[in-house]
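Structure first, then comments.
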Amino acid sequence: MAEASGAQGPSGQGAAASYAVIDRVGGFTFRPAGDWSVTPILAIDDDLRAFVAAKPVGESAVFDMSALIRLDTAGAWLIDRTVASLEAQGVKVSYEGLKEGHKILLDKVGEGGVPKPTVPERSSLYVEVVGRIGAAVVAMGLETLTFVEFLGHVLATIWRSIRHPSRFRLTPLVHHMEKAGFDALPLVCLLTFLIGAVIAQQGATQLRRFGADVFTVNLIAIIFLREVGILLTAIIVAGRSGSAFTAEIGSMKMREEIDAMRTLGLDPMDMLVVPRVLALLFTMPLLAFIGDIMGLIGGGVVAVMQLNMSPAVYIERLRAAADFWTFGVGLLKAPFMAIVIALVGCRAGLDVTGSAESVGTQTTSSVVRSIFLVIILDAIFAMFFTAVGI
Amino acid sequence: MESGNQIVEEPIIEVQGLLTKFDDHVIHENLDLSVKRGEVLGIVGGSGTGKSVLLRTILGLKSPDGGNIRVFGKDLEMLPEDERRAQERRWGVLFQEGALFSALTVAQNVQVAYREHLHMGQKLMDELAAVKIAMVGLRSGAADLFPSELSGGMKKRAGLARALALDPEILFLDEPTAGLDPIGAAAFDELITDLAHTLGLTVVMVTHDLDTLYATCDRIAVLAERRVILIGTIDDMLQSEHPWIREYFHGPRARAAFAGK
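Same order as they appear, the protein sequences are chains A and B.
So the mapping is simple: my numbering equals the position in the first sequence, first residue as 1, plus 127.
So the mapping is simple: my numbering equals the position in the second sequence, first residue as 1, plus 83.
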């Protein structure tokens, strides 16, 4: 006695799905009609679920399919689901007027059995938060371990290269020195010059209030030579060359070139990692040195223009403000930062797995990690130098 | 939907005088192709003859440089945006590597069309996705896996489940058996034949696999010299005197594939 129909589109073209349930001796007849394809059936899905959930009475049900115009897998699934639920309630189901094409579809849909949609497990927020923190800590510990192991591996390879100079690759070393060092010059020069000028300008404005604007020179000298010059250079190199190392090695890893190297008896450490590490080790101090000079020049331009200081006086005051160690302390950090950036970049490249996506994530994490480590390293050096009193 | 493989003489896809070129490099010139409703058509041709480009052009992923293409009797280029979308819902495509959305699970990949086009409830979506996944022969546990966790064969099956989500009338396959082992490839051939029969699909596939051609295709279109030089059954191919077709269908691998039938 129940009837339902999906109001879908213009009727008369079989564009709507509907069904009727007619009582019969010993049970009922279920009569689907119209277009039971994926769009129209959306309108009757809920009614059909409610019909089955209400446990229709009767020992047997006849599915009279003669009025059905169109059926696709979605419609077939609805019928199959209804039949399966009725049978589970102990109702015997038989078909009537079933077209050959519809039968094939119903059989196909029924083959998979009743699918059980899996419900993803959800733990409580508390467990989730604690779990994630724990996982992050463990991951960080493991990362530190693999980094130390990698450092050892690279050092061992370099030591081997020193003992057997024939294993050493000069051409890639020069190539990477050009790409990571020489080609970075314009960017390093421009940025350090600008930051030097900005620091001088801001410093002069503040110090003028105390009538101490001549000390702007001391500010530039100390802050640039000790900290900003090297830090800025390191960050530029990490963003420019560290990421390039990861992307280059990573895409080689993805295309199995690294495996191919191994099978040919070539050590990727010798071929790829050591030249890059050494290239940065040699060029970073030079870049930092040039960065220092450009920063001082940038500060000098501001001093000359804003403080009406003559260039000779600026240089004279610089010599008074900074001694060798002010400069040495900054430059001493360069090789350490170079090694950190190169190791993180190469390691991330070697960690790439199969997909192109992985190259992207590894490159991002390589830059983030090396900048993070460079700043940490800088802080440690600052504490160390303060402790030893230079 | 009528099932069975009755081939009705009415072209579901009609390509006329197609011209395709990349800069000065002409790929297709004066290419004609007509696909009948309900048939399984294989497109073969040497490397660089533009089989995949032809498929992409029919799908509207690349606009033709000349000529016209009519699918379901309508020229895709001329259709307004919403009709074009409606038309695209009437076909399904399996790309060579599956092209599954990597951020979604297999079940979510299948549900994309339901969610975006039909705004279906989650319960019915889950059920229908499970039906499709079972239909392409994946075990139910695969529904919650991400594409990166699938083998090559499973990716193709999952891609097929997504292509079939809306019960399309035409199924396009780009090298369906490339990269599968012979057993997996044979199983995939069988699956396609079975589904084409069950769902009354028209199938257009680009393939290199001679076994697939023999096992599944009603007709074969040969692409050479920038056009379709021959379209017909295997027997037509075997009788052709064209040198490339002779080499293709009478070569040692072809004989081996044919001997098995």
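For glycine and all other residues, C-beta sits at the position ideal for the given N, C-alpha and C.
- Counting every other CB atom within 10 Å of its CB across the protein chains shown gives residue 489 of chain A a total of 16 or more, marking it as buried.
- For residue 403 of chain A, there is no enclosing beta strand (DSSP E); the residue is part of the alpha helix (DSSP H) that begins and ends at 401–433.
- Ranking A:205, A:344 and A:280 by CA distance to the CA of residue 428 of chain A puts A:344 first.
- Going by beta carbons, residue 299 of chain B and residue 316 of chain B fall outside the 7 Å limit.
- DSSP places residue 221 of chain A inside the beta strand (DSSP E), whose first and last residues are 219–223.
- Per DSSP, the beta bridge partners of residue 149 of chain A are A:156.
- Taking the Cβ atoms as the reference, residue 287 of chain B lies roughly 12 Å from residue 152 of chain B, outside the contact range of under 8 Å.
- Per the Cβ contact rule, the segment 387–395 of chain A is not in contact with the segment 447–459 of chain A (fewer than 3 Cβ pairs under 8 Å).
- Residue 146 of chain A and residue 157 of chain A have their C-alpha atoms spaced approximately 7 Å apart.
- A residue is called buried once 16 or more other Cβ atoms fall within 10 Å of its Cβ, and residue 337 of chain A, having fewer, is exposed.
- Put simply, the backbone Cα of residue 282 of chain A is about 47 Å away from that of residue 267 of chain B.
- Three or more beta-carbon pairs drawn from the segment 353–372 of chain A and the segment 464–473 of chain A are found closer than 8 Å, and the two stretches are therefore classed as touching.
- Within the segment 229–240 of chain B, contact with chain A at the beta-carbon level (separation under 9 Å) is assigned to 231.
- Taking all protein chains shown into account, residue 204 of chain B has fewer than 16 neighbouring C-beta atoms within 10 Å of its C-beta and is therefore exposed.
- For the segment 281–303 of chain B, the residues whose beta carbon sits under 8 Å from a beta carbon of chain A are, in order, 281, 282 and 283.
- Counting C-beta atoms within 10 angstroms of its own C-beta, residue 267 of chain A has fewer than 16 neighbours from the protein chains shown and is therefore classed as exposed.
- The C-beta distance from residue 360 of chain A to residue 315 of chain A rounds to 6 Å, short enough to fall under 8 Å.
- Burial of residue 245 of chain B is indicated by the presence of at least 16 other C-beta atoms within 10 angstroms of its C-beta.
- Residue pairing by DSSP places residue 288 of chain B opposite B:125 and B:256 in a beta bridge.
- For the pair of segments examined, the segment 406–423 of chain A was found to touch the segment 316–324 of chain A: the number of CB pairs separated by less than 8 Å reaches three.
- Neighbours of residue 484 of chain A in chain B, taken as residues at a C-beta separation under 9 Å, are given in chain order as 185 and 231.
- Within the same chain, Cβ atoms closer than 6 Å to the Cβ of residue 452 of chain A are found at 517, the five residues on either side in sequence being excluded.
- Close partners of residue 209 of chain A in chain B (Cβ separation under 9 Å) are lacking, with about 12 Å as the shortest Cβ gap.
- Residues of the segment 384–401 of chain A with a C-beta atom less than 9 Å from some C-beta of chain B do not occur.
- Only those residues of the segment 218–239 of chain A whose C-beta falls short of 8 Å from the nearest C-beta of chain B are listed: 227, 228, 229, 231, 232, 235, 236, 238 and 239.
- If you draw a 10 Å sphere on the C-beta of residue 309 of chain A, you find fewer than 16 other C-beta atoms in it, and that means exposed.
- Judged by DSSP in its simplified three-state form, residue 315 of chain B adopts strand.
- Within the same chain, and ignoring the five residues on either side of residue 239 of chain B in sequence, the residues whose Cβ sits closer than 6 Å to its Cβ are 181.
- Per DSSP, the continuous alpha helix (DSSP H) segment holding residue 505 of chain A begins and ends at 483–515.
- Beta-bridge partners assigned by DSSP to residue 157 of chain B: B:154.
- In this structure, residue 248 of chain B sits near residue 193 of chain B, with a CB-CB distance shorter than 7 Å.
- Around the beta carbon of residue 510 of chain A, a 10 Å sphere encloses fewer than 16 other beta carbons of the protein chains shown; the residue is thus reported as exposed.
- The closest CA to that of residue 410 of chain A, considering only A:167, A:365, A:231 and A:498, is found on A:365.
- In this chain, the alpha helix (DSSP H) harbouring residue 215 of chain B covers 205–218.
- At a cut-off of 7 Å between C-beta atoms, residue 214 of chain B counts as an interface residue with respect to chain A.
- DSSP, reduced to helix, strand and coil, places residue 229 of chain B outside both helices and strands of the structure shown, so it counts as coil.
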